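Quick note: the sequence shown uses my numbering, first residue 11, plus one each step. Backbone N, C-alpha and C fix where the C-beta goes; we use that ideal spot for every residue, glycine too. Because the structure is a prediction, the values reported are computed rather than measured.
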Amino acid sequence: METNPAPFSGRVLTVTAFEDQVGRIEIVAKALGNEKRVNILNFIGADARSVVDIAEALDLPISTATQHINLLEKAGLLQSELLPATRGLQRMCSRIYDQFMIQFPVDFKQKEDNVEISMPIGSYSEIHATPTCGILGEIGIIGQLDDPASFFEPERIYAQMIWFHQGYVEYLFPNRLPRNIHLDTFEVSFEACSAAPLHNLEYPSDITVWINGIEIGRWTSPSDFGGERGLLTPDWWGTQNSQYGQHKVWKVARDGSYIDGMRASSINIDELGLAKGDAIKVRIGVKHDAHNVRGVTLFGRRFGNYPQDITIKARFELEKK
Numbered sequence: 011m012e013t014n015p016a017p018f019s020g021r022v023l024t025v026t027a028f029e030d031q032v033g034r035i036e037i038v039a040k041a042l043g044n045e046k047r048v049n050i051l052n053f054i055g056a057d058a059r060s061v062v063d064i065a066e067a068l069d070l071p072i073s074t075a076t077q078h079i080n081l082l083e084k085a086g087l088l089q090s091e092l093l094p095a096t097r098g099l100q101r102m103c104s105r106i107y108d109q110f111m112i113q114f115p116v117d118f119k120q121k122e123d124n125v126e127i128s129m130p131i132g133s134y135s136e137i138h139a140t141p142t143c144g145i146l147g148e149i150g151i152i153g154q155l156d157d158p159a160s161f162f163e164p165e166r167i168y169a170q171m172i173w174f175h176q177g178y179v180e181y182l183f184p185n186r187l188p189r190n191i192h193l194d195t196f197e198v199s200f201e202a203c204s205a206a207p208l209h210n211l212e213y214p215s216d217i218t219v220w221i222n223g224i225e226i227g228r229w230t231s232p233s234d235f236g237g238e239r240g241l242l243t244p245d246w247w248g249t250q251n252s253q254y255g256q257h258k259v260w261k262v263a264r265d266g267s268y269i270d271g272m273r274a275s276s277i278n279i280d281e282l283g284l285a286k287g288d289a290i291k292v293r294i295g296v297k298h299d300a301h302n303v304r305g306v307t308l309f310g311r312r313f314g315n316y317p318q319d320i321t322i323k324a325r326f327e328l329e330k331k
């Protein structure tokens, strides 16, 4: 994989778009909805700057600069303090956050006979990864390439592509299954391929899925697909790198487990323990003793060929009263 500078730092303001947080979002959006105020935040950067310095750098009257600074401080985006100067005190301003993210709730759809939930690929609960490995956001590399510690960066929630040579990544989905149902099928679907340095069309890898700790089946990915751009993959990520995968569906039914309709194992839906617990665990990985240990690459909804995150879907019948 090629190296690009990482545009992220660790100070992230995350606001979840629940009803009680809308007011906070409006305040921050208003503060950022002015070019001068955005320029002030850019100018301050990682330093502390005086009001006089800010006004001079942006060619603003001190009174106008002060008004903008007050709004940014009210929004919680910067802080200021009075410090001794050559003559009296001066107001010094520093930026609190480097990124602002509005996080919308996990996509959750419940119909009369099914439940579907999508999880961003960076919202994993556990990961164990060995190089070659990496994690990408929509606009740049997160952390450093071939550095497993990068999977624990705060910015991982922005991930749109992750890859590793061997290990696993695990997701905890909320268990939204109604009571008093008969489960018919449970599906896990995502876009994936092998994980070669750069890309390699002849690079088979054995990728396994577990649900609630139970191994469902193994799929041998034929390639790490690259050389031509994925339909969703941004231009900054060169075509010599991984570009897209294949859309795969693991399904557990009453009579066994299937991958894209082909029987994978005898594990049936009653063995998964889906009727109990607050969470459903989905693990995706490459086992150390697999026949083909050549990694896994996962694509989010803004990379690859399919606009989809990790998705689970349960189909069921309601018990008759």
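With distances taken from CA atoms, which of the options is nearest residue i?
{"i": "N52", "options": "L87, I294, L23", "result": "L87"}
{"i": "M272", "options": "A67, S90, W260", "result": "W260"}
{"i": "Y181", "options": "H78, H138, S90", "result": "H138"}
{"i": "N278", "options": "S252, Y316, N302, N222", "result": "N222"}
{"i": "A58", "options": "I72, E83, C103", "result": "C103"}
{"i": "I64", "options": "Q100, V32, G147, A39", "result": "Q100"}
{"i": "V296", "options": "G227, G310, G248, Q253", "result": "G227"}
{"i": "I145", "options": "R189, F161, S133, R186", "result": "F161"}
{"i": "A95", "options": "A85, P71, M171, V61", "result": "V61"}
{"i": "N44", "options": "L23, A75, E66", "result": "A75"}
{"i": "I50", "options": "D108, S231, G98", "result": "D108"}
{"i": "D319", "options": "S215, G248, V38, Y134", "result": "Y134"}
{"i": "C143", "options": "I112, E281, V179", "result": "V179"}
{"i": "E126", "options": "N315, F183, V38", "result": "F183"}
{"i": "I290", "options": "K84, Y213, I224", "result": "I224"}
{"i": "Y168", "options": "L81, F196, L211, L23", "result": "L23"}
{"i": "T321", "options": "P158, F200, G147", "result": "F200"}
{"i": "P232", "options": "S275, Y213, Q89", "result": "Y213"}
{"i": "E281", "options": "A274, D270, G266", "result": "G266"}
{"i": "E238", "options": "K258, T230, L211, T140", "result": "L211"}
{"i": "H257", "options": "E91, F110, T230, S90", "result": "T230"}
{"i": "P158", "options": "P141, S90, E148, P71", "result": "P141"}
What residue range does the alpha helix (DSSP H) around residue i cover?
{"i": "E83", "result": "72 to 84"}
{"i": "I64", "result": "61 to 67"}
{"i": "V38", "result": "32 to 42"}
{"i": "L328", "result": "Run containing L328: none in the alpha helix (DSSP H); it sits in the beta strand (DSSP E), 320 to 328."}
{"i": "I54", "result": "45 to 54"}
Are residue i and residue j touching if we call contact CB-CB under 7 Å?
{"i": "S204", "j": "D234", "result": "yes"}
{"i": "A202", "j": "G240", "result": "no"}
{"i": "E2", "j": "N190", "result": "This structure does not reach residue 2, given that the chain is present from 11 up to 331, and the question cannot be answered."}
{"i": "G132", "j": "R105", "result": "no"}
{"i": "N185", "j": "G283", "result": "no"}
{"i": "G310", "j": "Q170", "result": "yes"}
{"i": "F313", "j": "L208", "result": "no"}
{"i": "W173", "j": "R293", "result": "no"}
{"i": "R252", "j": "T218", "result": "It is Ser, not Arg, that sits at residue 252 in the sequence shown. For S252 and T218, no; Cβs fall outside 7 Å."}
{"i": "D245", "j": "R325", "result": "no"}
{"i": "E163", "j": "I151", "result": "no"}
{"i": "R47", "j": "H78", "result": "yes"}
{"i": "H298", "j": "D216", "result": "no"}
{"i": "I37", "j": "A67", "result": "no"}
{"i": "L81", "j": "A41", "result": "yes"}
{"i": "F196", "j": "V262", "result": "yes"}
Could you tell me the boundaries of the beta strand (DSSP E) in which residue i lies?
{"i": "F183", "result": "176 to 184"}
{"i": "I145", "result": "144 to 146"}
{"i": "F196", "result": "191 to 203"}
{"i": "N124", "result": "124 to 129"}
{"i": "E163", "result": "Run containing E163: none; DSSP gives neither H nor E here."}
For residue i, list the residues DSSP reports as bridge partners.
{"i": "P94", "result": "L99"}
{"i": "L87", "result": "The partner list for L87 (beta bridge, DSSP) is empty, contrary to what the question assumes."}
{"i": "A139", "result": "G177"}
{"i": "S340", "result": "Lying outside 11 to 331, the shown extent of the chain, residue 340 is not represented and no answer is given."}
{"i": "I151", "result": "L146"}
{"i": "L23", "result": "F110"}
Would you check whether the ligand NAD has a heavy atom nearer than 6 Å to the C-beta of residue i?
{"i": "M111", "result": "Within the structure as shown, the ligand NAD is missing, as the structure has no ligands at all."}
Kindly say whether residue i, judged by its beta-carbon, lies nearer than 7 Å to any beta-carbon of chain D.
{"i": "I152", "result": "The structure shown has no chain D; it contains just one protein chain."}
| query | What are the uninterrupted segments assigned as beta strand (DSSP E) that are 3 or more residues long and contained completely in the stretch 208 to 256, given in chain order? | reply | 215 to 221, 224 to 231, 252 to 254
| said: If we require 4 or more residues per run, which alpha helix (DSSP H) segments fall completely within the stretch 248 to 312? | reply: The qualifying runs do not exist here; there are none.
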